[in-house]
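Participant:
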Amino acid sequence: MLEDCKDELTEVQSVYGQMDAAYNRAADAHGFHCSGCADNCCLTRFFHHTLLEYLYLMKGFYGLDRELQDQIVRQAVRVNRMVDSAVTSGEISRVMCPLNNGGLCVLYDFRPMICRLHGIAHEFRHPSGKIISGQGCAAFETQCDATSGIVLYRTPFYREMAVLERRIREKTGIREKLKMTVAQMLTADQEGLS
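Take the sequence shown: its position 106, counting from 1, is numbered 87 in our numbering, and each next residue is one higher.
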């Protein structure tokens, strides 16, 4: 499937580069530089909704040596079990992403969109026309003036991702909606997604 979508995966690399640059400009304008915190976003249960993000993450994953892949999958299985247990118990899960190794993402260049955009004040235009905004993470709110008017405008990135997602869906014929954490993505091969 990766080979069938190589054009879109090359294009998403460019879109991700634009996201990273826009994030850095907005963060610099606020004087915000994330150096980790107690509310580590790698402990947050983020869901990712595009086949594009899944395939790009897996492209990076398949580039790792086999021993590291096996280690990551074992950790992803553990993470999925811990999260499932917490959810079943009605608790909020705070489990470290299986790609986090010593505070750094093993697949940083291949990380999904929300891992790139989370943390700083932002806004985007919903397809309905409504403007949706967010004030940023707790560390951002503590360090910066989230009301300064400087925001990361996400709409162009969402639109570009939607175009690429449509193309990938057409090429692959996969129609079902996705809602997966990184840990679920990393174990999806065993469950028959790819």
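Where is the CB? At the ideal position from N, CA and C, for every residue including glycine.
#1: Is it true that the CB of I95 sits closer than 8 Å to the CB of A7?
#2: When you compare the CB positions of C23 and A120, do they come within less than 8 Å of one another, or not?
#3: Taking the C-alpha atoms as reference points, what is the distance between H29 and R47?
#4: Within 10 Å of its beta-carbon, does R147 have 16 or more other beta-carbons around it, so buried, or fewer, so exposed?
#5: Could you say if the region 75 to 90 and the region 152 to 167 meet the contact criterion of at least three C-beta pairs nearer than 8 Å?
#6: Please classify A3: is it buried, with 16 or more other beta-carbons within 10 angstroms of its beta-carbon, or exposed?
#7: With distances taken from CA atoms, which of G117, G44 and T128 is nearest Y89?
#8: Kindly list the residues whose CB is nearer than 7 Å to the CB of T31, restricted to its own chain and excluding five residues on each side of it in sequence; keep chain order.
#9: In chain order, what are the residue ranges of uninterrupted alpha helix (DSSP H) at least 4 long that sit wholly in the region 51 to 100?
#10: Note down, in chain order, each residue of its chain lying with its Cβ closer than 6 Å to the Cβ of V178, except the 5 sequence neighbours on either side.
Facilitator: Per the coordinate set shown:
#1: Taking 8 Å as the Cβ cut-off, A7 and I95 do not qualify as a contacting pair.
#2: No.
#3: Here the alpha carbon of H29 sits roughly 25 Å from the alpha carbon of R47.
#4: The residue is exposed, with fewer than 16 neighbouring Cβ atoms inside 10 Å.
#5: Here the region 75 to 90 makes contact with the region 152 to 167; the two share three or more CB pairs at distances below 8 Å.
#6: Buried, since its Cβ has 16 or more Cβ neighbours within 10 Å.
#7: When only C-alpha atoms are compared, the closest one is G44.
#8: Excluding residues within five positions, the ones whose Cβ falls inside 7 Å are M142, E146 and L159.
#9: Counting only runs of 4 or more, we get 94 to 98.
#10: Because residue 178 is not part of the residues shown, which for the chain are -18 to 175, the question remains open.
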